[in-house]
């Protein structure tokens, strides 16, 4: 099977210090709660609007804590995409949680990953986005980083 890469946008969203948040408010980490349920809903609306592909992480049973999204050919509307991601970040912040979002322009596959390893390391663009995410989280998190 031949792999086809196209230019697009890679988006990684990850809640910051979420374990601390669940302990502080007495929430169950393994069931949808206020924040993970909200993030699931916000990501679902985002992917529907932009015809994006969820590579990994959208979880209806446990709630979404992290997710990787790809938008093939999405770089033409990058300003609107970033605006929508800022709205997601603002909603999560209003609810009392922190989130880090990374947006990278690179080549995408546009298909769901078979497992977490493939999702995080499947393409050079994803590896780059994950490195930037980890660096932003070490620097305090709650950031929207755009590398275009």
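In the working numbering, the protein residues as written are 3 to 150.
Ideal Cβ placement from N, Cα and C applies to all residues, glycine included.
- Sorting 15, 110, 31 by C-alpha distance to the C-alpha of residue 22 places 31 at the top.
- Residue 143 places its beta carbon less than 8 Å from that of residue 18.
- Contact check for residue 77 against residue 51 fails: the beta carbons are separated by 8 Å or more.
- The Cβ-Cβ distance between residue 25 and residue 131 does not fall below 8 Å.
- By alpha-carbon distance to residue 44, the top candidate from 88, 149, 33 is 88.
- Between residue 149 and residue 94, the C-beta spacing is not below 8 Å.
- Annotated three-state conformation of residue 67 is coil, per DSSP.
- Approximately 28 Å separates the beta-carbon atoms of residue 121 and residue 27; this is outside 8 Å, ruling out the contact.
- By the neighbour-count definition (other C-beta atoms within 10 Å, threshold 16), residue 82 is an exposed residue.
- A straight line joining the alpha-carbon of residue 35 with that of residue 29 spans about 7 Å.
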